[in-house]
Amino acid sequence: MFDARLRHIIDPPLNAVGLRLARSGIGANSVTIAGFVFGIAAALAIAWGYWLSALALIALNRLADGLDGAVARATGKTDLGGYLDIVLDFFFYGAVPFAFAAQDPAANAYSAAALLLAFYMNGATFLGFAVMAEKRGMSTDIHGAKSLYYLGGLAEGAETIAIFTAMCLFPAWFSIIAWGFAGICAISALSRLVLVSQMLRG
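Per the working numbering, the very first residue in the sequence shown carries number 671; after that it's consecutive.
Structure follows, in structure tokens:
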């Protein structure tokens, strides 16, 4: 919901750093993969109960997720880069709830499963429309220059990271936070399903 509004704030500094990385010979895919490593390390830290370490690693993951696009804009976008960016993001998003379930299965398993289901719903409606948008030659830059069509929703990247942050700061409340965000993600997915159905019908 807030991703597009934040673009004009975060893009200028990211583009400046991305240009420097590109000039130093660091490629966008390397930044993407490094970010993924940070994300998986964050999930492992969560599973072991190292909450502040997990939070720092999540921040590094998100920083890399912004910088890989900035490097790509400086050097030229590629299909492989766009593919790795979205796929590894989804891997990371799924790893965090799973890690909370692994950390305390008795308390967190059901709420983590509900959140993963809601993530699955969101991902399906998001990526499914991206395929149809490409087929129809549709494009948008409201979320910045992307390799695929980004159709916004109630729950997007900024909201997800805010929720992950809250989970790491208040791990005892994970179940409540997860159930609540699962509901928001489900509403986002269903509203996107209705919207896309209407668009494609037309």
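Backbone N, C-alpha and C fix where the C-beta goes; we use that ideal spot for every residue, glycine too. As the structure is a computational prediction, the values presented were derived from the model and not from experiment.
- Put simply, the backbone Cα of Ala784 is about 14 Å away from that of Ala769.
- In this structure, the CA atom of Ala726 is about 45 Å from the CA atom of Arg871.
- Excluding its 5 nearest sequence neighbours in each direction, Val866 has C-beta neighbours in its own chain below 6 Å: Phe799, listed in chain order.
- Here Gly705 has Asn731, Ala734, Asp735 as same chain residues with Cβ atoms under 6 Å from its own Cβ, once five neighbours each way along the sequence are excluded.
- Counting C-beta pairs with one atom in each stretch, the region 771-789 and the region 851-865 have three or more that are closer than 8 Å, which means they touch.
- Excluding the 5 residues flanking it on each side, Asp759 has same chain C-beta neighbours closer than 7 Å at Asp735, in chain order.
- In this structure, Ala832 keeps its C-beta atom at 8 Å or more from the C-beta atom of Ile847.
- Separation of the CB atoms of Asn685 and Arg743 is rounded to 7 Å, and the pair is thereby assigned contact status at 8 Å.
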